[in-house]
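J.: Start counting at 1 in the sequence shown, then tack on 27, and there's your number in the numbering used here.
We treat Cβ as the ideally placed atom computed from N, Cα and C, and that holds for glycine.
Owing to the predicted nature of the structure, the values given are computational and were not obtained by experimental measurement.
Below is a structure I'd like to ask you about.
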Amino acid sequence: MVSSVAALLVSHDGGRWLPAVIDGIRAQRAPISTVVAVDTGSKDDSADLLANAFGDVLRVSGATSFPAAVALGLDRLRERQEAPEWVWILHDDANPDPGALAALLEVAAADPDADVLGPKLREWPSLKRLLELGVTLSGTGRRETGLERGEYDQGQHDEVRQVLAVNTAGMLVRRSVLESLGGLDEQLPIFGNDIDFGWRAAAAGHRTLIVPDAVVFHAEAAHRGVRRTPLTGRHTHYQERRAALFTLLANAPGRKLPWLVVRLALGTVLRMIGFLVVRAVGEALDDLAALLSLYSHPGEVRRARRVRREQPGADPRRAAPLLSPWWVPYRHGLDFVGDLAAAATNQAQDVAERRRAAAAERAPASYASRPRPEDEDLIAEDSGLLARFLTNPVALLTALVVVVALVATRTAYGSIAGGGLSPAPPDAGDWWRLQVETWHPLGTGTAVPAPAYVLPMALLATLLGGSPSAAVSVVFVAAVPLGLWGAWRFLRVVGRLVVFTGASRWVLLWGATTWSLVPAASGAWGDGRLGLVVVAALLPWLAHAALGFAEPAPARRWRAAWRVGLLLAVASAFAPVLWLLAAVLGLVVTAAAALVVRGAVRDRSVWGPPAVALGLGPVLLSPWWVPAVQRSAAEGMLLDTGRLPTPTVDTLDLLSGRFDGLGAPWWLGVVLAALAVLALLPRATRIPVLVCWVVALVAAVLAAVLGVFTVDLAAISVGAGLGALLLVLQGAFVVAASIGAVGLGVETVPWRRVVSGVLVVVAAAVPVGGLVWWVGSDPAIDDGIETDIPVYMVQSAEEGPEHGILAIRGSVDEGLTYTVRRGDGITLGEDEVINLTSEDERFSAEVQALVSRPTPDVVDALGSSGIEYVVLPSPADGDVAAVLDAASGLVQASAEERTTRAWQVDRPLDGSLLEGPVSWLRIVLLVVQGATALVVVVLCLPTTNPRRAER
28 MVSSVAALLV
38 SHDGGRWLPA
48 VIDGIRAQRA
58 PISTVVAVDT
68 GSKDDSADLL
78 ANAFGDVLRV
88 SGATSFPAAV
98 ALGLDRLRER
108 QEAPEWVWIL
118 HDDANPDPGA
128 LAALLEVAAA
138 DPDADVLGPK
148 LREWPSLKRL
158 LELGVTLSGT
168 GRRETGLERG
178 EYDQGQHDEV
188 RQVLAVNTAG
198 MLVRRSVLES
208 LGGLDEQLPI
218 FGNDIDFGWR
228 AAAAGHRTLI
238 VPDAVVFHAE
248 AAHRGVRRTP
258 LTGRHTHYQE
268 RRAALFTLLA
278 NAPGRKLPWL
288 VVRLALGTVL
298 RMIGFLVVRA
308 VGEALDDLAA
318 LLSLYSHPGE
328 VRRARRVRRE
338 QPGADPRRAA
348 PLLSPWWVPY
358 RHGLDFVGDL
368 AAAATNQAQD
378 VAERRRAAAA
388 ERAPASYASR
398 PRPEDEDLIA
408 EDSGLLARFL
418 TNPVALLTAL
428 VVVVALVATR
438 TAYGSIAGGG
448 LSPAPPDAGD
458 WWRLQVETWH
468 PLGTGTAVPA
478 PAYVLPMALL
488 ATLLGGSPSA
498 AVSVVFVAAV
508 PLGLWGAWRF
518 LRVVGRLVVF
528 TGASRWVLLW
538 GATTWSLVPA
548 ASGAWGDGRL
558 GLVVVAALLP
568 WLAHAALGFA
578 EPAPARRWRA
588 AWRVGLLLAV
598 ASAFAPVLWL
608 LAAVLGLVVT
618 AAAALVVRGA
628 VRDRSVWGPP
638 AVALGLGPVL
648 LSPWWVPAVQ
658 RSAAEGMLLD
668 TGRLPTPTVD
678 TLDLLSGRFD
688 GLGAPWWLGV
698 VLAALAVLAL
708 LPRATRIPVL
718 VCWVVALVAA
728 VLAAVLGVFT
738 VDLAAISVGA
748 GLGALLLVLQ
758 GAFVVAASIG
768 AVGLGVETVP
778 WRRVVSGVLV
788 VVAAAVPVGG
798 LVWWVGSDPA
808 IDDGIETDIP
818 VYMVQSAEEG
828 PEHGILAIRG
838 SVDEGLTYTV
848 RRGDGITLGE
858 DEVINLTSED
868 ERFSAEVQAL
878 VSRPTPDVVD
888 ALGSSGIEYV
898 VLPSPADGDV
908 AAVLDAASGL
918 VQASAEERTT
928 RAWQVDRPLD
938 GSLLEGPVSW
948 LRIVLLVVQG
958 ATALVVVVLC
968 LPTTNPRRAE
978 R
């Protein structure tokens, strides 16, 4: 008996595919009783093509959903008084193979219990890639096909089997089953209706089979965004995700629904993070919108569940074995991590290949046959990795440098403080509170904002388990290896850009090692200058990112802007003067470009990316600098981070790269400067060396200008911070010397070998001498911070800010100073807030009255200001001690030192004066900072989508 089949074809603007689809329907080897064509408001010639091919065409509006179109097709069959046994549903972008219908009917005849059958879907136009052989749904709403991405059809899945659902593109379904189940669900207008229908069919006891011998070629126009309809809109991903969530919620068993609601909410957050990591902001927002769309209208899900419960004979347990296994989402998570790593690697290789190709275009023809330095690493490719490492002297020396550096940082293994480094707070929450507070209970209370570096340090401490001490230690231990890695990458790229053969591995080793030792040799590391240590590690990475401004493609220059902007903002958070240097360098480069290439500055894609990178800094750091200006603390933008006073820097210090009395022998720095001067001699690399000298001269001029300024703070007057400029100057010298070595290697002058031998010996003394000095040095960060306050007072102060300690130092003859200690003392981050806080004239007047003519009102004021103890640290001035002994309301307290005197305030303690107003401006700036940082980080990340990578 021959089964009767009605083909039901739905089209919408499918004119580009319909001719082939119509030919495919006509070429079917199995007879088709009738064809019902439904066109949903096509604006092309789709309706005319269908009319010419099949005569009668049902024309409806473009807002008609796919389930509604199928229902109208069934109505048309009833109007014709036709009752075919089977309905073959087709899309206008699904071209059936001539034997597709015959294969479906053959399996249907062999298995009378089969009610829904689907073909093998292959990609159109490739024709060989597999798309689907049945589909199911995971517990997170992912459409599962069981196929690898891009898998080709080699017959490996050619077996008839039961599945949860088949695609509506080529679905053969018994007409009675389609009508008894109410057709496709109208709540799924374009996507997901196939899985929902298959789930309902399985619950009702119907079997769905996949028939691999039946082949349909599917273009997936709606899914791929090739065709947009009023139903898909511009957010295809939103429609797909909403359909998946609706299908899960509408069909899941009732006992699993509460857990499913929670799981989908948490899963959506994880998916959003994943999309953000690959710079897919639109998809992340679509996921959130899909979840909110359903959760804000729970009535839709309730009605759908009620309809399914009322379906005769429905049992959701029948569909359970056909759903995706529970472990599949976890496998996809591992695949995503692998894809992300591959994307980052491919992106780095792509950049390297483009730069190598650009260098090859500039290279003389004689260089074509020369091996590149990196090719030498592949000589022993068939050997093991360990064997190659042991036979590579550069690799061995690099590992030795890292090991020696780790030995030299041995004092940083644990809690460190001393020199310019204040103790870290006990918990990362202290840093977070300091970051978000608009008023700090420090001293007598202050609204000076937390320094900008508190945020990245708080993030690092949180990642390390909430330990600020661990975060500080990691910075000081990892700074040199991180700088070494970044300098190697930067110098390798620079070498390829200036000379086709690139820099030799020995030059890279010397340059990277010398650069990485700059923070140690300068004395910044040993003195605990956290900001300068971080900047030294970030500078080569920042310079490497800035090379992207020279990319020929404008899109890649804009991509570089986000990376440079983020790195510059982070570096400027630790050394604010660095942003000022970047701004001056930008003006110099723009002026030079206007003189050399007049038309370049008119192109927005040339000056725009550097301008955006420069502008990101003030936006990302706005919660710090805007309130700082507002609270008369703008001097912080000219200071180095750390405890005061900062080391001084004169002309010789800048030239040698040493802070006064702190660094390695000065002659090591002078040798580096001399090598940078000699780098001007080779003609082949003179221009890039001159560029390095321009950077060095700009840094030197800016240092000279800032050197005339004196910053007057409440407790001390200090000079402007020149540490970051010293680091930039030394970095420019290292790059210039490295480029000069590359140029010397390609010179053909007769004296090259003799000069090269002498310079190698001299140059090697710089990193070797720096390492030897560093290993044997005695860093100040190992000394700790001594306190002259009795321990029991410190323990009392930790009970709350109202248990403050007033320490008065000095003498009447030489002058008295005072400090107020609260909590566990001044910690990292708080020290800069205190330094930049203006003098509290009211409290100073009270202290002056206390040490001269203390009245009961003055002592009462101390208690109201949250002062529990008054201390005269050793050596205590006898005159002041006598005055305090006679003061009413002060009770003598014990002190550990004989020459230290202490008193307890016998008055009620009140910390209300330490509470200040809330700054809504800073709260807004913190929100802006967080949103901007999130967007910039996303734009900096690699993508797993090749199409998005080009944008």
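Which ranges does the alpha helix (DSSP H) cover as unbroken runs of at least 4 residues, wholly within the region 32 to 91, from first to last along the chain?
T.: Listed in chain order, the complete alpha helix (DSSP H) runs (minimum 4 residues) inside the region 32 to 91 are 45 to 53 and 73 to 81.
J.: Mind checking Asp402: buried by the 16 CB within 10 Å criterion, or exposed?
T.: Numbered from its first residue, the sequence shown carries residue 402 at position 375. Unreliable positioning characterises Asp402 in this predicted model, as indicated by a pLDDT of 41, which lies under 50. The coordinate reading is nonetheless provided below. Answer is exposed; the Cβ neighbour count stays below 16.
J.: Can you give me the C-alpha to C-alpha distance between Val434 and Leu786, rounded to a whole angstrom?
T.: On the sequence shown, position 407 is the one that residue 434 refers to. On the sequence shown, position 759 is the one that residue 786 refers to. Going from the Cα of Val434 to the Cα of Leu786 covers about 29 Å.
J.: Return yes when the Cβ of Leu724 is within less than 8 Å of the Cβ of Val716, no when it is not.
T.: Here the question's residue 716 lines up with position 689 in the sequence shown. Here the question's residue 724 lines up with position 697 in the sequence shown. Taking 8 Å as the Cβ cut-off, Val716 and Leu724 do not qualify as a contacting pair.
J.: Does DSSP put Trp537 in a helix, in a strand, or in coil?
T.: Position 510 of the sequence shown, counting from 1, holds the residue named residue 537. Helix, per DSSP.
J.: Can you tell me whether Asp142 is helix, strand or coil according to DSSP?
T.: In the sequence shown, counting from the first residue as 1, residue 142 sits at position 115. Residue state, collapsed to three classes: strand.
J.: Here's the rule I'm using: 16 or more other beta-carbon atoms within 10 Å means buried, otherwise exposed. How should His324 be labelled?
T.: Locating residue 324 in the sequence shown gives position 297, where the first residue counts as 1. Exposed, since its Cβ has fewer than 16 Cβ neighbours within 10 Å.
J.: Identify the continuous beta strand (DSSP E) that holds Gly831 and give its terminal residues.
T.: What you label residue 831 is simply residue 804 of the sequence shown in a count that begins at 1. Per DSSP, Gly831 belongs to the beta strand (DSSP E) from Gly831 to Ser838.
J.: Which of the three DSSP states is assigned to Val428 in this structure?
T.: As a first step, residue 428 is located in the sequence shown; it is residue number 401 there, counting from the start. DSSP places Val428 in helix when its eight states are reduced to three.
J.: Counting C-beta neighbours from all protein chains within 10 Å, is the total for Ala395 16 or more, i.e. buried, or is it exposed?
T.: For the purposes of this step, residue 395 is taken as residue 368 along the sequence shown, with counting starting at 1. The predicted position of Ala395 is uncertain, since its pLDDT is 40 and thus under 50; no value can be drawn from it.
J.: Skipping 5 residues on each side, what residues in its chain have a beta carbon closer than 6 Å to that of Tyr819?
T.: As a working mapping, residue 819 is identified with position 792 in the sequence shown. Here the set comprises nothing.
J.: Using CA coordinates, which residue listed in Ala790, Thr675 and Ala241 is at the minimum distance from Ala768?
T.: Indexing the sequence shown from 1 puts residue 768 at position 741. When only C-alpha atoms are compared, the closest one is Ala790.
J.: Just checking, does the region 188 to 198 make contact with the region 230 to 246 on the three C-beta pairs under 8 Å criterion?
T.: Enough Cβ pairs lie closer than 8 Å, so yes.
J.: Would DSSP call Glu150 helix, strand or coil?
T.: As a first step, residue 150 must be located in the sequence shown, where it is residue number 123. Glu150: strand per DSSP, three-state reduction.
J.: Could you say which of Trp151, Ser31, Arg43 and Asp50 lies nearest to Leu104 if we only look at CA atoms?
T.: To locate residue 104, count along the sequence shown from 1; it is residue 77. The option with the nearest alpha carbon to Leu104 is Ser31.
J.: Quick one: grab the DSSP three-state call for Thr490.
T.: Stepping through the sequence shown from its first residue, residue 490 is reached at position 463. It is Leu, not Thr, that sits at residue 490 in the sequence shown. Residue state, collapsed to three classes: helix.
J.: Please name the residue in Ser543, Val502, Gly470 and Gly811 whose C-alpha comes closest to that of Arg516.
T.: Within the sequence shown, numbered from 1, the residue matching residue 516 stands at position 489. Closest option to Arg516, Cα to Cα, is Ser543.
J.: With distances taken between CB atoms, is the gap from Leu665 to Leu729 smaller than 8 Å?
T.: Along the sequence shown, one-based indexing puts residue 665 at 638. Along the sequence shown, one-based indexing puts residue 729 at 702. Not closer than 8 Å, so no.
J.: Looking only at C-alpha atoms, which of Arg169, Asp223 and Leu569 sits nearest to Ser593?
T.: As a position in the sequence shown, residue 593 is number 566, starting the count at 1. Before going on, a small fix: residue 593 reads as Leu here, not Ser. Cα-wise, what sits closest to Leu593 is Leu569.
J.: Quick one: using the 10 Å Cβ neighbour count with 16 as the cut-off for buried, is Glu923 buried or exposed?
T.: Numbered from its first residue, the sequence shown carries residue 923 at position 896. It counts as exposed.
J.: Quick check on this structure: which residue in Thr256, Leu427 and Trp354 has the alpha carbon closest to the alpha carbon of Val795?
T.: Your numbering for residue 795 matches position 768 in the sequence shown. It is Leu427.
J.: Assign Trp930 to one of three DSSP states: helix, strand, or coil.
T.: As a position in the sequence shown, residue 930 is number 903, starting the count at 1. Trp930: strand per DSSP, three-state reduction.
J.: Quick check on Asn220: buried or exposed, where buried means 16 or more other Cβ atoms within 10 Å of its Cβ?
T.: Stepping through the sequence shown from its first residue, residue 220 is reached at position 193. Classification for Asn220: buried.
J.: In the DSSP assignment, what residue or residues form a beta bridge with Asn122?
T.: As a working note, residue 122 is residue 95 in the sequence shown. Phe244.
J.: Going along the chain, which residues of its own chain have a beta-carbon closer than 6 Å to the beta-carbon of Leu491, five neighbours each way excluded?
T.: Here the question's residue 491 lines up with position 464 in the sequence shown. The residues are Ala497 and Ala498.
J.: With DSSP run on the structure shown, which of helix, strand or coil describes Arg324?
T.: For the purposes of this step, residue 324 is taken as residue 297 along the sequence shown, with counting starting at 1. The question names Arg, yet the displayed sequence has His at residue 324. Coil.
J.: Quick one: grab the DSSP three-state call for Gly635.
T.: Position 608 of the sequence shown, counted from the start, is the residue given in the question as residue 635. Correct three-state label for Gly635: helix.
J.: Asp937 to Ile832, Cα distance in whole Å?
T.: Within the sequence shown, numbered from 1, the residue matching residue 937 stands at position 910. Within the sequence shown, numbered from 1, the residue matching residue 832 stands at position 805. Cα-Cα distance, rounded: 13 Å.
J.: Roughly how many angstroms separate the alpha carbons of Leu889 and Glu857, rounded to a whole number?
T.: Here the question's residue 889 lines up with position 862 in the sequence shown. Here the question's residue 857 lines up with position 830 in the sequence shown. In a straight line, the C-alpha of Leu889 is about 22 Å away from that of Glu857.
J.: Using alpha carbons as the reference points, say which of Leu297, Ala74, Thr712 and Leu272 lies closest to Leu215.
T.: Translated into the one-based positions of the sequence shown, residue 215 becomes position 188. Closest option to Leu215, Cα to Cα, is Leu272.
J.: Applying the 10 Å Cβ sphere with the 16-neighbour rule, what's the burial state of Gln919?
T.: Taking the sequence shown and counting its residues from 1, one reaches residue 919 at position 892. Looking at its Cβ environment, which holds fewer than 16 other Cβ atoms inside 10 Å, Gln919 is exposed.
J.: Keeping to the same chain, check which residues put their C-beta closer than 8 Å to that of Lys155; ignore five residues upstream and five downstream.
T.: Taking the sequence shown and counting its residues from 1, the one referred to as residue 155 is at position 128. The answer, listed in chain order, is Arg149, Tyr179 and Asp180.
J.: Comparing alpha-carbon positions, which option in Trp652, Gly550, Val162 and Gly225 lies nearest Pro352?
T.: To locate residue 352, count along the sequence shown from 1; it is residue 325. Nearest C-alpha to Pro352: Val162.
J.: Can you round the beta-carbon distance between Thr436 and Val793 to whole angstroms, since I take them to be within the 8 Å contact cut?
T.: Residue mapping note: residue 436 aligns to position 409 of the sequence shown, counting from 1. Residue mapping note: residue 793 aligns to position 766 of the sequence shown, counting from 1. About 20 Å separates the two Cβ atoms, so there is no contact after all.
J.: Going by DSSP, which residues form a beta bridge with Arg848?
T.: Here the question's residue 848 lines up with position 821 in the sequence shown. DSSP, once it has assigned bridges, lists Ile832 as partnering Arg848.
J.: By how many angstroms is the C-alpha of Asp933 removed from the C-alpha of Tyr845?
T.: Working through the sequence shown from its first residue, we reach residue 845 at position 818. Working through the sequence shown from its first residue, we reach residue 933 at position 906. Tyr845 and Asp933: Cα-Cα distance of roughly 20 Å.
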